[in-house]
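**Student:** According to the numbering used here, the sequence shown is numbered sequentially starting from 13.
Note that beta-carbon positions come from the ideal geometry of N, C-alpha and C, so glycine has one too.
Sharing a structure with you now.
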Amino acid sequence: MKLTKSLIVGAALTALPTLALAQDAPAPSFDEIGPYIMTTLLFCMAGFLVFFMAAGFAMLEGGLVRSKNVTMQMTKNIALFSIAAIMYWLVGFNTMYPGDFNGYFALGGQTVLDAVGVSAADAALDYASVGSDFFFQLVFVAATASIVSGAVAERIKLWPFLIFVVVLTGFMYPISGSWQWGGGWLSELGFSDFAGSTVVHSVGGWAALAGVIVLGPRLGKYKDGKTNPMPGSNLALATLGTFILWLGWFGFNGGSQLAMGTVGDVSDVSRIFANTNMAAAAGAVTALILSQLLYKKPDLTMVLNGALAGLVSITAEPLAPSLLGALLIGGVGGVIVVFTIPLLDKLKIDDVVGAIPVHLFAGIWGTIAVVFSGSATLTAQLTGIVAYGVFTFVASLIVWFILKAVMGIRVSEEDEINGLDMSEMGMEAYPEFSKG
């Protein structure tokens, strides 16, 4: 049946009030969409900075290992970041942030981004875009894997290490991370870890400790009751890596404010920057002075690790302390590094780059230091430290032992002597300096 002209006009007139109401519906105000836009921007910018820390870890490790193992370290670092990115998308992100889940274990599925051109009506205006949140959290898990890479350097096979990275980034880190940042049982208990002294750094340190114990020390490192120094290939490169990490830490801690939609949020981010920088400076200066007093000459590697320990120490609570408080927290981190690096050597625990003192020991200190700001109780903090330590160390030991039994994790003595660059990679980082 055809519509007559009069029916069409009548229908149009009837619909006019509805059309007018639709046209008059107010668009979301900036007060509604502004926080979403600014927090999304914060996550993107902070994520870029934390991503650059991957380069910092690579340069630091490349400078602190011997020249015959540099190509191996570069390969491990770019591969571990790439594996972390895939695993965190595949299962990690939705395991760590499972919505209303509030227990101990729950495996999530693949991360799904917001629709292309999502409208304000369909976006989660109370927070940020899924893509920015996912990317910001992803670069943290990659940092955790990088911590392990340096500690187990110069004697581990490539593929067993990368399989361990799959397990660490896809399962271990997200599961334990959900206890605190996913609103799990530690969060409910009152445990506080603002940007990850424990959730990120101690987890990496515990996994690294398990790895070096199962691997054993490098050939010739401990002989006749003495510790034989094995100097790195390029301290300039290691220094560059430290400065890159220092820069990336502003995104690491500043982005963990998780909001930039108000004057208070923006001011807090700047406060975090200042405290982060102060702690790093204090750790470096403390290590500089102590190494001079103990060894009669300053030790550059101690100074570099002192700065990093200061950064790890302030990461659990970079907002609440004053600049003086940040200085004291970071300074203690520097003290920890200077005394625990030789302690590990006495125990014949061979950590090539000092990752365990920096990330595990300073991470524990930083988590305890939260108590002094009034942000948590000592009981809650110690509970979190023990929970993360037991879970990560035991799980890591199990994975390392399985890998050792199934495929072996350590190269042969001949390959270790010749260097992993040729035995594992077939190419040298500095071929013009090789013999022959």
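Report all residues from its chain with a CB closer than 7 angstroms to the CB of Phe63; omit the five preceding and five following residues, and keep chain order.
**Tutor:** Correct list, in chain order: Val151.
**Student:** Whether or not the segment 169 to 182 and the segment 231 to 246 are in contact is what I'm after, with contact meaning three or more pairs of Cβ atoms, one per stretch, closer than 8 angstroms; do they touch?
**Tutor:** No, the segment 231 to 246 does not touch the segment 169 to 182.
**Student:** Let me know the secondary structure DSSP gives Ile361 once reduced to three states.
**Tutor:** Ile361 falls in the coil class under three-state DSSP.
**Student:** My output table needs one value for Leu234: the three-state DSSP class, helix, strand or coil.
**Tutor:** The amino acid at residue 234 is misidentified as Leu; the sequence shows Tyr. Strand at Tyr234.
**Student:** Counting beta carbon pairs with one atom in the segment 303 to 313 and one in the segment 268 to 287, are three or more of them shorter than 8 angstroms?
**Tutor:** Verdict: no, contact absent.
**Student:** Would you kindly report the start and end of the unbroken alpha helix (DSSP H) that includes Gln393?
**Tutor:** First-last of the alpha helix (DSSP H) with Gln393: 390 to 418.
**Student:** Which residue from Met108, Gly217, Val418, Trp258 puts its Cα closest to that of Gly196?
**Tutor:** The option with the nearest alpha carbon to Gly196 is Met108.
**Student:** State buried or exposed for Ile187, treating a residue as buried only when at least 16 other CB atoms are found within 10 Å of its CB.
**Tutor:** Buried, since its Cβ has 16 or more Cβ neighbours within 10 Å.
**Student:** Whole angstroms are fine: how far does the CA of Val370 sit from the CA of Ser190?
**Tutor:** If I take the Cα positions, the gap works out to 24 angstroms.
**Student:** For a minimum of 3 consecutive residues, which ranges assigned as the beta strand (DSSP E) are wholly contained in the segment 53 to 141?
**Tutor:** The qualifying runs do not exist here; there are none.
**Student:** Along the alpha helix (DSSP H) that carries Gly378, what are the first and last residues, could you check?
**Tutor:** Start and end: 374 to 381.
**Student:** Since Ala250 and Leu76 are thought to touch, with beta carbons under 8 angstroms apart, how far apart are those beta carbons, to the nearest angstrom?
**Tutor:** Between Leu76 and Ala250 the Cβ distance is about 5 angstroms, and since that is below 8 angstroms, they are a contact.
**Student:** So if DSSP puts Ile168 in a beta bridge, which residue, or which two residues, is it bridged to?
**Tutor:** Paired residue(s): Arg422.
**Student:** Between which two residues does the alpha helix (DSSP H) containing Ala319 stretch?
**Tutor:** First-last of the alpha helix (DSSP H) with Ala319: 312 to 327.
**Student:** Closest by CA to Ile256, which one among Gly266, Glu428, Leu320?
**Tutor:** Of the candidates Gly266, Glu428, Leu320, the one whose C-alpha sits nearest the C-alpha of Ile256 is Leu320.
**Student:** For Phe146, count the other beta carbons within 10 Å of its own beta carbon; 16 or more makes it buried, fewer makes it exposed. Which is it?
**Tutor:** Buried, because 16 or more other Cβ atoms sit within 10 Å of the Cβ of Phe146.
**Student:** Between the alpha carbons of Met272 and Ala58, how many angstroms are there, rounded?
**Tutor:** Going from the Cα of Met272 to the Cα of Ala58 covers about 12 angstroms.
**Student:** Mind checking Gln149: buried by the 16 CB within 10 Å criterion, or exposed?
**Tutor:** Flag for Gln149 reads buried.
**Student:** Applying the 10 Å Cβ sphere with the 16-neighbour rule, what's the burial state of Glu166?
**Tutor:** Flag for Glu166 reads buried.
**Student:** Anyone know if the C-beta pair for Pro330 and Ile284 falls short of 7 angstroms?
**Tutor:** Against a cut-off of 7 angstroms, the Cβ pair of Ile284 and Pro330 comes out as a contact.
**Student:** Closest to Asp10 by CA distance: which of Thr156, Asn265, Trp218, Gly228 is it?
**Tutor:** Within the shown structure, residues of the chain are numbered from 13 to 448, placing residue 10 beyond reach of any answer.
**Student:** Taking just the CA atoms, how far does Asn317 sit from Ile348?
**Tutor:** Approximately 10 angstroms, taken between the alpha carbons.
**Student:** Please name the residue in Leu53, Glu44, Lys80, Gly68 whose C-alpha comes closest to that of Met437.
**Tutor:** For the residues Leu53, Glu44, Lys80, Gly68, the minimum Cα distance to Met437 belongs to Lys80.
**Student:** Flag this pair as yes or no: are the beta carbons of Val215 and Thr352 separated by less than 7 angstroms?
**Tutor:** Result no, Cβ atoms of Val215 and Thr352 do not sit closer than 7 angstroms.
**Student:** Considering Cα atoms alone, identify which of Gln85, Cys56, Gly420 is closest to Met434.
**Tutor:** Looking at the Cα atoms, Gln85 is the closest of the given residues.
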